[in-house]
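K.L.:
Here it is, the structure in full.
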Amino acid sequence: MTDSNQTPIRTRFAPSPTGYIHVGNVRAALFPWLFARGNNGKFIVRIEDTDQARYVEGAQDLILDTLKWLGINWDEGPQIGGEYGPYIQSQRVDHYKQWAQKLIDKGLAYADPYTPEQVDAFRAESKAAKQPFLFRNFRPENPPVWDGSMPLRFKVGEPKRYTWHDPVMGELSAGPEALDDFILIKSDGMPTYNFAHIVDDQDMEITHVVRGLEYIPSIPKYLSLYEALEITPPVLVCLPHIMAPDGKKKLGKRDGAKSVTEYKNEGILPEAMLNFLASMGWNDGTEQELFTVQELIDKFSFDRVQKSGARFDETRLLWMNGQWIRRLDLDDLMARVDSFWPESAEQASDDEKRQILTLVQDRLKTLADLPMLTDYFFSEPNVDLSMISGNKQLSKLDRAEIVNLLTAAKTALSCSAFDPSSLQATLNQLLESTGQKPGILFSLIRLAVSWAPFSPALNDTLSTLGQEVVARRLQVALDAFAE
RNA sequence: GGUCUCAUCGUCUAACGGUUAGGACACCAGGUUUUCAUCCUGGCAACUCGGGUUCGAUUCCCGAUGAGAUCACCA
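Residue numbers (the working numbering): 144 to 626.
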């Protein structure tokens with residue numbers, strides 16, 4: 144805390160390449176990133192690939208692409224290197240061996256001669272005795288010399304209570320039951336997370352370790368290891384969980400936690416995702432809801448992070464996304480929706496698309512709404528009479544009334560100029576001549592030319608479609624009712 | 001079971017002993033857009049419970065309850 148003012152801040156995100164990172168995990172990257180960026184620090188990415196069994200080919204790139212899409216950039220790490228590299232744990236095995244030797248020399252690490260089955264038996268024994276399982280109770284008296292073929296275990300000192308300060312959670316402590324002899328190096332030669340991350344954070348001069356609060360129960364173990372290694376621990380920060388929408392447990396892939404890529408494909412903006420994730424568990428104390436990334440960087444601090452978990456509420460994300468879409472200027476929006484146009488828009492010119500995009504920008508909740516909102520501009524919509532019968536006002540009209548109204552509309556529109564203001568005038572006259580309520584007349588025309596749930600202002604819609612198309616679609620609608 | 005953590009509207013949250021407990025999402029109603037969406041206005045709705053401390057507790061302490069996490073040669 145005190146020396147963080149002098150020492151340059153260095154935070155890190157250390158994912159395991161075991162699959163995509165879902166939205167619940169991203170905050171473990173976001174918060175340390177915001178903290179580093181807001182405090183003139185460095186943000187490091189380190190790949191923790193020491194579990195060969197769970198390694199997934201391609202996962203590393205997937206994770207890095209996710210960070211890039213979100214705009215979470217790193218100063219050191221894979222793909223770009225840095226002076227503390229390598230940043231992939233499987234390439235740092237010699238580091239771990241050196242630190243392990245230090246412990247062996249001090250008599251604080253020993254070879255574990257037991258097979259996994261034997262350890263399981265110890266565990267069962269403890270359980271039968273209704274005691275928590277602690278390996279240190281089964282510590283071998285004369286362990287063999289460690290030759291690398293067996294796991295290397297840390298030998299904890301006298302079990303005691305540890306107390307430490309967490310910038311988010313406040314004072315934390317745990318009793319001696321939390322301390323045990325844990326494995327440093329596995330029998331395959333790879334270090335465990337418990338050992339590797341401590342060594343790496345030290346070697347990479349990480350000042351703040353930020354991770355989920357599932358690590359709290361392990362922290363006393365780390366504290367005792369820091370002591371044995373004679374390392375001053377970095378600031379340890381635990382973040383509350385993001386909970387599944389039903390609120391029953393921490394959000395995980397098994398609860399349907401989506402990858403960030405899925406949200407990207409569903410038309411969520413990175414600004415919205417970042418804003419949403421940050422707002423779960425953090426706020427600046429004001430009533431502001433929408434924050435730009437820069438505002439987040441400027442205002443973020445750990446002491447304003449909530450202690451309790453937050454449920455992942457997609458409805459709120461959707462609302463935020465709509466807000467951010469509306470804030471985009473047209474050029475920017477044009478670029479972002481590039482891959483979201485309906486197939487029918489393939490032949491359309493950019494000018495055409497821009498014009499249509501202007502009309503629907505206020506109606507988009509996600510970029511993926513684009514086809515539903517624009518398809519009828521590019522191709523002939525299918526007549527869907529259920530949209531008439533499902534409409535509160537229109538369902539009261541009988542067939543003859545509908546035909547009359549559509550005929551009147553067709554006639555009026557066939558001799559109107561087609562710029563928006565002329566159309567407005569024509570529509571107003573039509574309202575008078577038919578004596579109908581706008582809610583009925585305009586809804587009917589709107590549906591007849593679009594057959595879509597939402598559409599822009601009627602005069603704009605008609606103007607964009609053009610006289611010929613409007614005439615044709617009204618006729619198609621008339622034919623449908625004439626049958 | 002042991003250890004640890006958390007606890008304000010349905011949801012995300014503000015409040016750092018004294019407020020009609022504020023905002024946002026969602027929902028409902030009205031209005032604008034002569035339709036739908038957007039937008040505006042209004043409404044509904046919360047301090048888990050029980051003890052203390054205090055002139056006074058949502059706020060501090062203790063307990064209960066509830067919820068979550070964790071007890072791997074996974075991270």
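No residue lacks a Cβ here, since even glycine has one placed at the ideal position from N, Cα and C.
Please state if the CB of L382 and the CB of R170 are separated by a distance shorter than 8 Å.
P.N.:
In the first sequence, the residue the question calls residue 170 occupies position 27. In the first sequence, the residue the question calls residue 382 occupies position 239. Cβ distance < 8 Å, so R170 and L382 count as in contact.
K.L.:
Could you name the residues of the same chain whose beta carbon sits closer than 7 Å to that of V638, not counting the 5 residues immediately before and after it, in chain order?
P.N.:
Outside the displayed range of the chain (144 to 626) lies residue 638, so it cannot be described from this structure.
K.L.:
Report the rounded CA-to-CA distance for S367 versus A321, giving the unit in angstroms.
P.N.:
The sequence position of residue 367 within the first sequence is 224, counting from 1. The sequence position of residue 321 within the first sequence is 178, counting from 1. Looking at the two C-alpha atoms, the distance is approximately 11 Å.
K.L.:
Rounded to whole angstroms, what is the Cα-Cα separation between G201 and L207?
P.N.:
Taking the first residue of the first sequence as 1, we reach residue 201 at position 58. Taking the first residue of the first sequence as 1, we reach residue 207 at position 64. Distance between the alpha carbons of G201 and L207 is about 10 Å.
K.L.:
Might you give, ordered along the chain, the residues of its own chain that have their beta carbon closer than 7 Å to the beta carbon of T501, omitting 5 neighbours on each side?
P.N.:
Stepping through the first sequence from its first residue, residue 501 is reached at position 358. Counting only Cβ-Cβ distances below 7 Å, and skipping sequence neighbours, we find L473.
K.L.:
Where does L394 land, buried or exposed, given buried means 16+ other C-beta within 10 angstroms?
P.N.:
Reading the first sequence from its first residue, position 251 is the one you call residue 394. Taking every protein chain shown into account, the CB of L394 has 16 or more other CB atoms within 10 angstroms, so this residue is buried.
K.L.:
In terms of residues, what are the limits of the beta strand (DSSP E) holding H308?
P.N.:
Position 165 of the first sequence holds residue 308. Judged by DSSP secondary structure, H308 falls within the beta strand (DSSP E) whose first and last residues are Y305 to D309.
K.L.:
Leaving out five residues on either side along the sequence, give the residues of the same chain with a beta carbon under 7 Å from the beta carbon of M144.
P.N.:
Here residue 144 refers to the residue found at position 1 of the first sequence. Here M144 scores only 44 on pLDDT, less than 50, and its place in the model is too uncertain to base an answer on.
K.L.:
Can you check which of these residues, Y253, Q572, R282 and L251, is closest to R103 by C-alpha distance?
P.N.:
Given a span of 144 to 626 for the chain in the structure shown, any question on residue 103 remains unanswerable.
K.L.:
Kindly indicate the opening and closing residues of the alpha helix (DSSP H) around H340.
P.N.:
For the purposes of this step, residue 340 is identified with residue 197 of the first sequence, where counting begins at 1. H340 -> alpha helix (DSSP H) spans Y336 to D346.
K.L.:
What does a CB cutoff of less than 6 Å around P563 pick up in its chain, not counting 5 residues either side in sequence?
P.N.:
Against the first sequence, residue 563 aligns to sequence position 420. Here the set comprises N602, D603 and S606.
K.L.:
With distance defined between alpha-carbon atoms, name the residue in K580, M386, L566 and E373 nearest to L251.
P.N.:
The count along the first sequence starts at 1 and reaches residue 251 at position 108. Ranking the options by Cα distance to L251, first place goes to E373.
K.L.:
Any idea if H308 is buried or exposed, counting beta-carbon neighbours within 10 angstroms, 16 or more meaning buried?
P.N.:
For the purposes of this step, residue 308 is taken as the residue at position 165 of the first sequence. H308 should be labelled exposed.
K.L.:
Does the pairing of the region 184-192 with the region 423-437 give three or more beta-carbon distances under 8 Å?
P.N.:
no
K.L.:
Helix, strand or coil for M333? Go by DSSP, reduced to three states.
P.N.:
Start at 1 with the first residue of the first sequence, and residue 333 comes out as number 190. The answer is coil: DSSP assigns M333 none of H, G, I, E or B.
K.L.:
Ignore the nearest five residues each way along the sequence and tell me which others in L439's own chain have a CB closer than 6 Å to its CB.
P.N.:
What you label residue 439 is simply residue 296 of the first sequence in a count that begins at 1. Cβ neighbours of L439 beyond the five flanking positions: L177 and A421.
K.L.:
Tell me the rounded alpha-carbon separation between L356 and I231.
P.N.:
Residue numbering aside, residue 356 sits at position 213 when the first sequence is read from its first letter. Residue numbering aside, residue 231 sits at position 88 when the first sequence is read from its first letter. Straight-line Cα distance between these residues: approximately 24 Å.
K.L.:
Determine contact between the region 582-591 and the region 489-497, defined as no fewer than three beta-carbon pairs at a distance below 8 Å.
P.N.:
Using a Cβ-Cβ distance cut-off of 8 Å, the region 582-591 and the region 489-497 are not in contact, since fewer than three pairs of beta carbons, one from each stretch, lie closer than that value.
K.L.:
Are three or more beta carbon pairs between the region 221-228 and the region 244-258 nearer than 8 Å?
P.N.:
Taking 8 Å as the limit for Cβ pairs, the verdict is that the region 244-258 does not touch the region 221-228.
K.L.:
Suppose contacts are defined by Cβ-Cβ distances below 8 Å. Is A591 in contact with L617 by that definition?
P.N.:
Locating residue 591 in the first sequence gives position 448, where the first residue counts as 1. Locating residue 617 in the first sequence gives position 474, where the first residue counts as 1. Cβ atoms of A591 and L617: closer than 8 Å.
K.L.:
Taking only the alpha-carbon atoms, compute the straight-line gap between P388 and D398 and give it to the nearest angstrom.
P.N.:
To locate residue 388, count along the first sequence from 1; it is residue 245. To locate residue 398, count along the first sequence from 1; it is residue 255. Approximately 9 Å, taken between the alpha carbons.
K.L.:
For K553, does the count of other Cβ atoms within 10 angstroms reach 16, so buried, or fall short, so exposed?
P.N.:
In the first sequence, counting from the first residue as 1, residue 553 sits at position 410. The residue in question, K553, is buried, as its Cβ has 16 or more Cβ neighbours within 10 Å.
K.L.:
By how many angstroms is the C-alpha of Q241 removed from the C-alpha of D146?
P.N.:
Here residue 146 refers to the residue found at position 3 when the first sequence is read from its first residue. Here residue 241 refers to the residue found at position 98 when the first sequence is read from its first residue. The predicted position of D146 is uncertain, since its pLDDT is 45 and thus under 50; no value can be drawn from it.
K.L.:
When the Cα of I468 is compared with those of P485, T509 and A453, which residue comes out closest?
P.N.:
As a first step, residue 468 must be located in the first sequence, where it is residue number 325. Looking at the Cα atoms, T509 is the closest of the given residues.
K.L.:
Are there 16 or more other CB atoms within 10 angstroms of the CB of G609, so buried, or fewer, so exposed?
P.N.:
Working through the first sequence from its first residue, we reach residue 609 at position 466. Exposed.
K.L.:
Kindly indicate the opening and closing residues of the alpha helix (DSSP H) around L356.
P.N.:
Indexing the first sequence from 1 puts residue 356 at position 213. For L356, no alpha helix (DSSP H) run applies, since DSSP gives it neither H nor E.
K.L.:
Around the Cβ of F597, are there at least 16 other Cβ atoms within 10 angstroms (buried) or fewer (exposed)?
P.N.:
On the first sequence, residue 597 is found 454 positions in, with the first residue counted as 1. F597 comes out exposed.
K.L.:
Where does V613 land, buried or exposed, given buried means 16+ other C-beta within 10 angstroms?
P.N.:
Locating residue 613 in the first sequence gives position 470, counting from the first residue. With 16 or more other Cβ atoms within 10 Å, it is buried.
K.L.:
Going straight from the alpha carbon of Y519 to that of L540, what length do you get?
P.N.:
Position 376 of the first sequence, counted from the start, is the residue given in the question as residue 519. Position 397 of the first sequence, counted from the start, is the residue given in the question as residue 540. Those two C-alpha atoms are separated by around 25 Å.
K.L.:
Pick out whichever of L507, M477, F483 and P514 has its Cα sitting closest to the Cα of Q498.
P.N.:
Residue mapping note: residue 498 aligns to position 355 of the first sequence, counting from 1. Considering only alpha carbons, the answer is M477.
K.L.:
Can you give me the Cβ contacts of G214 inside the same chain, cut-off strictly under 8 Å, excluding the 5 residues immediately before and after it?
P.N.:
Numbered from 1 along the first sequence, position 71 holds the residue referred to as residue 214. Here the set comprises P413, L417 and V436.
K.L.:
Under the three-state reduction of DSSP, which class applies to V378: helix, strand or coil?
P.N.:
What you label residue 378 is simply residue 235 of the first sequence in a count that begins at 1. V378: strand per DSSP, three-state reduction.
K.L.:
Going along the chain, which residues of its own chain have a beta-carbon closer than 8 Å to the beta-carbon of P360, five neighbours each way excluded?
P.N.:
Start at 1 with the first residue of the first sequence, and residue 360 comes out as number 217. Contacts found: A317 and A321.
K.L.:
With distances taken between CB atoms, is the gap from V342 to D324 smaller than 8 Å?
P.N.:
Locating residue 342 in the first sequence gives position 199, counting from the first residue. Locating residue 324 in the first sequence gives position 181, counting from the first residue. V342 is not a Cβ neighbour of D324, given a cutoff of 8 Å.
K.L.:
Alpha carbon to alpha carbon, how far is Y239 from M347? Give it in angstroms, no decimals.
P.N.:
If you number the first sequence from 1, residue 347 lands on position 204. If you number the first sequence from 1, residue 239 lands on position 96. Going from the Cα of M347 to the Cα of Y239 covers about 13 Å.
K.L.:
Buried or exposed, going by whether 16 or more other CB atoms sit within 10 Å of the CB of T350?
P.N.:
The count along the first sequence starts at 1 and reaches residue 350 at position 207. So T350 ends up on the buried side.
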